[in-house]
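Enquirer:
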Amino acid sequence: MSDAVLRTQGLSRRFGGLMAASNVAIELQRGKLHALLGPNGAGKTTLINLLSGELRASSGSISYKGDDITRCSADRRSRIGIGRSYQKTNIFPAFTAFENCRLAAQSRTPRVLHIFADAIGYQPVCDAARRALEAAGLDGRAGQIASALSHGEQRQLEIAMVLATAPDVLLLDEPLAGMGAEEVGRMVALLQKLTPGHAILLVEHDMDAVFAVADVITVMVDGQVLESGPPAQIRSSAAVRQAYLGDGVDA
Amino acid sequence: MSRKRISFAVALALLALFPFAGATFYTELVTKVMILAIFAMSLDLLVGYTGLVSFGHAAFFGIGAYTLGLVAPKYDAANLWLTLPAAMLAAGLAALVVGIFVVRAKGIYFIMVTLAFAQMFYFVFHDTKFGGGSDGISMNFKPVASIGGFTPFDLASATHLYYFVFAAMLLVFVFLRVLLRSAFGRALQGIRSNEHRMRSLGFPVYLYKLASFTLAGALAGLAGYLSAMQFGFVNPEIISWHESGNVLLMLILGGLGSLYGGVIGAFAFVALQELYQSVTTHWQLLLGATIILLVMFLPGGLASIGGLFKRTLVGDADDE
Amino acid sequence: MDVYSFLIQLLNSVQYGLLLFLVASGLTLIFGIMGIINLAHGSFYMIGAYMAFSLASLTGSLFVAIVLGTVLSVVLGVVLEWALFSHLYKRDHLQQVLLTYGLILVFEELRSIIVGNDVHGVNVPDILNWSLPLTDTLSYPVYRLFMSAVCVVLAALLYVLIRRTRLGMMIRAGASNREMVQSLGLNINLVYRLVFALGVALAAFAGMIAAPVSSVYPGMGTQVLIICFVVVVIGGIGSIWGALVAALLIGLADTFGKVLIPEAAGVTVYVLMAAILLWRPEGLFRRV
Numbered sequence: 006m007s008d009a010v011l012r013t014q015g016l017s018r019r020f021g022g023l024m025a026a027s028n029v030a031i032e033l034q035r036g037k038l039h040a041l042l043g044p045n046g047a048g049k050t051t052l053i054n055l056l057s058g059e060l061r062a063s064s065g066s067i068s069y070k071g072d073d074i075t076r077c078s079a080d081r082r083s084r085i086g087i088g089r090s091y092q093k094t095n096i097f098p099a100f101t102a103f104e105n106c107r108l109a110a111q112s113r114t115p116r117v118l119h120i121f122a123d124a125i126g127y128q129p130v131c132d133a134a135r136r137a138l139e140a141a142g143l144d145g146r147a148g149q150i151a152s153a154l155s156h157g158e159q160r161q162l163e164i165a166m167v168l169a170t171a172p173d174v175l176l177l178d179e180p181l182a183g184m185g186a187e188e189v190g191r192m193v194a195l196l197q198k199l200t201p202g203h204a205i206l207l208v209e210h211d212m213d214a215v216f217a218v219a220d221v222i223t224v225m226v227d228g229q230v231l232e233s234g235p236p237a238q239i240r241s242s243a244a245v246r247q248a249y250l251g252d253g254v255d256a
Numbered sequence: 079m080s081r082k083r084i085s086f087a088v089a090l091a092l093l094a095l096f097p098f099a100g101a102t103f104y105t106e107l108v109t110k111v112m113i114l115a116i117f118a119m120s121l122d123l124l125v126g127y128t129g130l131v132s133f134g135h136a137a138f139f140g141i142g143a144y145t146l147g148l149v150a151p152k153y154d155a156a157n158l159w160l161t162l163p164a165a166m167l168a169a170g171l172a173a174l175v176v177g178i179f180v181v182r183a184k185g186i187y188f189i190m191v192t193l194a195f196a197q198m199f200y201f202v203f204h205d206t207k208f209g210g211g212s213d214g215i216s217m218n219f220k221p222v223a224s225i226g227g228f229t230p231f232d233l234a235s236a237t238h239l240y241y242f243v244f245a246a247m248l249l250v251f252v253f254l255r256v257l258l259r260s261a262f263g264r265a266l267q268g269i270r271s272n273e274h275r276m277r278s279l280g281f282p283v284y285l286y287k288l289a290s291f292t293l294a295g296a297l298a299g300l301a302g303y304l305s306a307m308q309f310g311f312v313n314p315e316i317i318s319w320h321e322s323g324n325v326l327l328m329l330i331l332g333g334l335g336s337l338y339g340g341v342i343g344a345f346a347f348v349a350l351q352e353l354y355q356s357v358t359t360h361w362q363l364l365l366g367a368t369i370i371l372l373v374m375f376l377p378g379g380l381a382s383i384g385g386l387f388k389r390t391l392v393g394d395a396d397d398e
Numbered sequence: 038m039d040v041y042s043f044l045i046q047l048l049n050s051v052q053y054g055l056l057l058f059l060v061a062s063g064l065t066l067i068f069g070i071m072g073i074i075n076l077a078h079g080s081f082y083m084i085g086a087y088m089a090f091s092l093a094s095l096t097g098s099l100f101v102a103i104v105l106g107t108v109l110s111v112v113l114g115v116v117l118e119w120a121l122f123s124h125l126y127k128r129d130h131l132q133q134v135l136l137t138y139g140l141i142l143v144f145e146e147l148r149s150i151i152v153g154n155d156v157h158g159v160n161v162p163d164i165l166n167w168s169l170p171l172t173d174t175l176s177y178p179v180y181r182l183f184m185s186a187v188c189v190v191l192a193a194l195l196y197v198l199i200r201r202t203r204l205g206m207m208i209r210a211g212a213s214n215r216e217m218v219q220s221l222g223l224n225i226n227l228v229y230r231l232v233f234a235l236g237v238a239l240a241a242f243a244g245m246i247a248a249p250v251s252s253v254y255p256g257m258g259t260q261v262l263i264i265c266f267v268v269v270v271i272g273g274i275g276s277i278w279g280a281l282v283a284a285l286l287i288g289l290a291d292t293f294g295k296v297l298i299p300e301a302a303g304v305t306v307y308v309l310m311a312a313i314l315l316w317r318p319e320g321l322f323r324r325v
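Residue numbers (my numbering), protein chains in the order written: chain A, 6 to 256; chain B, 79 to 398; chain C, 38 to 325.
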């Protein structure tokens, strides 16, 4: 049974004369990983920003679990279950990896009025943080200051933080960026483990990884959806091949 | 015991015993410094821990002070236990209202807007008859600390006042320390570290900033109240932007981000001011030059010299 | 209020607004290009006024004083940028605010030491020292018209600079990005130095031409600075056009406010600011 968790219709965003995203219709379903491909400048990050709420849509609509969220702020979208990770690592550099995740998990139970209780003592949030770190493979590095982590570990922390917020939708912007082969393998395994319980949108350049995990692939060019469908369809599409001509990618 | 703890304990002991050693003049001077320390700590919550640089904090100090001036009866003493909370409430309320306007502003814009609002308050008190105009208000009596006939201490005595202020300063310090470890306090520090990500994680950042601004304002109001109590008069100059600039200076003197910084900065600032004033009437030149040199060559403040009081980071390995 | 009184107040508003714009444009220019907030900007206005007073007394001519003073303020700007401000580009806002706050103290005390704390008048040059008659009893000082005219000319020159030159393109883009400036083939250190000197000169020049009208007094620097901040807050940071609109709005609010509600004199401007902030939290012409 297809249950669309996140759906857009006619979603567009213009910057002056430039249409960064034009008439995008995309659907995320629970238990499915939807990959977003396209050459640089295709509008992939713009689309993620529109979905996460960091960019306001110029026209079109976004609905989440049946409700229209087009006008919702970014923080509200996170609270209702739309989580997002960043292409450029966006952590709290001065805090430990654990505190990074603990803070992320705290967003679910803010306990603002408990001003006399040390937050470290609140087990449910700490447990959620530990679970997120474990899922991302960082349990051994919890006490490390985030800025001192290796690049790959920081990418793992990036994912751990969004996992700690227990979202229903995961918008992942190039989680594999800058990772080595072994780390990529670990991340792909993580993605496969996460897929059944979430609706995932994955923006990535690593084709092997994408074709290994994706259930649906949408290809964007110049802000518009070129083609959308199962991996086999995309792999054999002439239009897609042409769009990628010269990128040296073996689709 | 760590070096930090020992020096802290020693400093506390020195402060506690101080009135027995010095003359009344010095007791009153240190009282003034401790009041400024409260003021500085309140701003540190905003600047050092939430990342909001306000150049208008003196406005809330002033509102706390003026509350006492306005509420104190002409021919009788005010009651401490009624007027002090009233002052904090008034300052906090003013901070809430101003905050609603300014908290959405970012960076440099925020600095300018807070300065502008503080000036507005200055003009209200300076130009209208509401607060006695440019002359201000004189209070004939110090507030009385009685509850139901029982008066535990006499604020007209310099020594009693000293210990009252000392206790207030300690209370504020402990309160802020505890607050910063709470979920709310940690969220504030998260906002300072990476506001964008905090929003993305689902925190309603605007509300947190507003709360921080309001609380900082209320605490500044406490300092203002104590100051009015000590000096017995209020005038618009306490809201001048020089005062807002001086309290920021105290933070950079003491070093941001550790609550001690506010206290150290207050002592350092008053010491500098007294020193320069004894040297020349053009002491502001020396102060200005000191500020410039400080920012150019020692931006971490005095605290960065000793390495004694490190920036306390939440989640740090030796976070105690 | 009859038509002529209204006209006089209107002309006063415009003159005050244009003067404010001159000072505020320097502030917003420096911020737009270099990303620096400069609290001492008001001091340059004060320095300009005191220079006009001193040099006019020396040379006997306000015009000569203004020319000399402008040259001196450019030199001052270059020296200040080289010695202090060039180190501020990488610093955070708090440090910029504090350093420039210290600078205000230094400037104020130096002025106090060198020239003293008295209020001085500066004579309007004879050529401009007459009034345009409006009715039998009312007339308008030509010098004020001259001030407005000069401001308009400078505003036009600024417009040309911003719209027609590469430097102006950078300003419009709000670039505090060194690489981008360099890629335009401009020597970045030189550009920053010149822009800063221009900002200083604008403020000082404004102080010089305003001196005969507002007289020369110690608090004038801080007074104009705060109002300039309100101009930038209302107009939006980095927007020269916003500064112009905001300055004129403030000129109107302040002038008519003082006439209509004298008790609330200083506060009108802030009420205006608060109202605008409610409607547009980032100023009228905030960049997208």
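Don't be surprised by glycine CBs; every beta carbon is placed ideally from N, CA and C.
Just checking my contact of residue 99 of chain A with residue 261 of chain B at CB under 8 Å: how many whole Å lie between their CB atoms?
Expert: That pair is no contact at about 18 Å.
Enquirer: Name the chain B residues that come within less than 9 Å of residue 151 of chain C, Cβ to Cβ?
Expert: Ordered by position in chain B, no residue passes the 9 Å Cβ test against residue 151 of chain C, which lies about 11 Å from the chain.
Enquirer: Helix, strand or coil for residue 28 of chain A? Go by DSSP, reduced to three states.
Expert: Of the three classes helix, strand and coil, the one that applies to residue 28 of chain A here is strand, per DSSP.
Enquirer: So, using beta-carbon positions, are residue 203 of chain A and residue 174 of chain A closer together than 8 Å?
Expert: Against a cut-off of 8 Å, the Cβ pair of residue 174 of chain A and residue 203 of chain A comes out as a contact.
Enquirer: According to a CB-to-CB cut-off of less than 7 Å, which residues of the region 105-122 of chain A neighbour chain E?
Expert: No chain E appears in the structure shown, which is made up of the protein chains A, B and C.
Enquirer: Between residue 394 of chain B and residue 127 of chain B, what straight-line distance do the alpha-carbon atoms span, to the nearest angstrom?
Expert: Confidence at residue 394 of chain B is low in this model, with a pLDDT of 38, below 50, so the placement of that residue is unreliable and no value is reported for it.
Enquirer: Determine the chain A residues that contact residue 435 of chain B at a beta-carbon separation under 7 Å, and present them in chain order.
Expert: Nothing about residue 435 of chain B can be read from this structure; chain B reaches only from 79 to 398.
Enquirer: For the candidate residues A:224, A:34 and A:232, whose alpha-carbon lies nearest to that of residue 44 of chain A?
Expert: Residue 44 of chain A has its Cα closest to that of A:224, out of A:224, A:34 and A:232.
Enquirer: Report the residue from A:94, A:168 and A:85 whose alpha carbon sits nearest the alpha carbon of residue 160 of chain A.
Expert: Minimum Cα distance to residue 160 of chain A is reached at A:94.
Enquirer: State buried or exposed for residue 234 of chain B, treating a residue as buried only when at least 16 other CB atoms are found within 10 Å of its CB.
Expert: Result: exposed.
Enquirer: From A:80, A:233 and A:237, pick the residue whose C-alpha is nearest to that of residue 217 of chain A; which is it?
Expert: If we check each option's Cα against that of residue 217 of chain A, A:237 comes out closest.
Enquirer: Give, in chain order, every residue of the region 265-279 of chain B whose Cβ lies closer than 9 Å to some Cβ of chain A.
Expert: Result list: 265, 267, 268, 271, 272, 274, 275, 276, 277, 278 and 279.
Enquirer: For a contact defined as C-beta to C-beta under 7 Å, what are the partners of residue 170 of chain A on chain B?
Expert: The contacting residues are 279 and 280.
Enquirer: What are the residues in the region 264-281 of chain C lying within 7 Å of chain B by C-beta distance?
Expert: Correct list: 266, 267, 269, 270 and 274.
Enquirer: For the pair the region 179-190 of chain A and the region 120-137 of chain A, tell me if three or more CB-CB distances fall below 8 Å.
Expert: Cβ pair count under 8 Å is below three, so no.
Enquirer: Just reading off the beta strand (DSSP E) that residue 314 of chain B is part of, what are its end residues?
Expert: Per DSSP, residue 314 of chain B belongs to no beta strand (DSSP E) and is neither H nor E.
Enquirer: Residue 341 of chain B to residue 347 of chain B, Cα distance in whole Å?
Expert: Residue 341 of chain B and residue 347 of chain B: Cα-Cα distance of roughly 10 Å.
Enquirer: So which of A:153, A:150, A:108 and A:59 has the shortest CA-CA distance to residue 167 of chain A?
Expert: Checking every option, the nearest Cα to that of residue 167 of chain A belongs to A:108.
Enquirer: Suppose the cutoff is 6 Å on Cβ atoms and the five residues either side in sequence are ignored; what does the same chain contact list for residue 391 of chain B look like?
Expert: In this prediction, residue 391 of chain B has a pLDDT of 40, which is less than 50 and means its spatial position is unreliable; what the coordinates show is noted afterwards. There are no such residues.
Enquirer: Strictly under 8 Å for the Cβ-Cβ distance: is residue 155 of chain B near chain C by that measure?
Expert: False, the Cβ-Cβ gap to chain C never drops below 8 Å.
Enquirer: Should residue 135 of chain B go down as buried or exposed, given a rule of 16 or more other Cβ atoms within 10 Å for buried?
Expert: The residue is buried, with at least 16 neighbouring Cβ atoms inside 10 Å.
Enquirer: Taking C-beta to C-beta, are residue 73 of chain C and residue 126 of chain C nearer than 8 Å?
Expert: Taking 8 Å as the Cβ cut-off, residue 73 of chain C and residue 126 of chain C qualify as a contacting pair.
Enquirer: Under a three-way DSSP split, which group does residue 54 of chain A fall into?
Expert: Residue state, collapsed to three classes: helix.
Enquirer: Give the DSSP-derived three-state secondary structure of residue 156 of chain C in the structure shown.
Expert: If DSSP states are grouped into helix, strand and coil, residue 156 of chain C belongs with coil.
Enquirer: Quick check on residue 151 of chain C: buried or exposed, where buried means 16 or more other Cβ atoms within 10 Å of its Cβ?
Expert: Residue 151 of chain C is exposed by the Cβ-count criterion.
Enquirer: Do you know whose CA, among B:305, B:107, B:227 and B:129, lies nearest residue 400 of chain B's CA?
Expert: Summary: the structure shown does not reach residue 400 of chain B, with chain B confined to residues 79 through 398, and so no result is reported for it.
Enquirer: How would you write the range of the beta strand (DSSP E) that residue 188 of chain B sits in, first residue to last?
Expert: First-last for residue 188 of chain B: 185-205, but that is the alpha helix (DSSP H), not the beta strand (DSSP E).
Enquirer: Let me check understanding here. Comparing Cα to Cα, which of C:281, C:319 and C:86 lies closest to residue 250 of chain C?
Expert: When each option's Cα is compared against that of residue 250 of chain C, the closest is C:86.
Enquirer: By the 7 Å beta-carbon criterion, what residues does the region 184-196 of chain B contribute toward chain C?
Expert: So the list reads 185, 186, 187, 189, 190, 191, 193 and 194, given in the order they occur along the chain.
Enquirer: Where does residue 352 of chain B land, buried or exposed, given buried means 16+ other C-beta within 10 angstroms?
Expert: Exposed, since its Cβ has fewer than 16 Cβ neighbours within 10 Å.
Enquirer: To the nearest angstrom, how far is it from the Cα of residue 204 of chain C to the Cα of residue 273 of chain C?
Expert: Residue 204 of chain C and residue 273 of chain C: Cα-Cα distance of roughly 20 Å.
Enquirer: Please determine if the region 258-278 of chain C and the region 185-201 of chain B are in contact, where contact requires at least 3 C-beta pairs separated by less than 8 Å.
Expert: Verdict: yes, contact present.
Enquirer: What first and last residue would you give for the beta strand (DSSP E) that runs through residue 223 of chain A?
Expert: It spans 221-226 - the beta strand (DSSP E) in which residue 223 of chain A sits, taken as one unbroken run.
Enquirer: Considering only residues of the same chain and omitting the five flanking positions on each side of residue 396 of chain B, which have a CB-CB separation below 7 Å?
Expert: Bear in mind that the predicted position of residue 396 of chain B carries a pLDDT of just 36, short of 50, making it unreliable; the figure below should be weighed with that in mind. Contacts found: none.
Enquirer: Under 8 Å, Cβ to Cβ, is there at least one residue of chain B near residue 11 of chain A?
Expert: Output row for residue 11 of chain A: interface = no.
Enquirer: So does residue 119 of chain B have its beta carbon nearer than 7 Å to some heavy atom of the ligand NAD?
Expert: This structure simply doesn't include the ligand NAD, nor any ligand for that matter.
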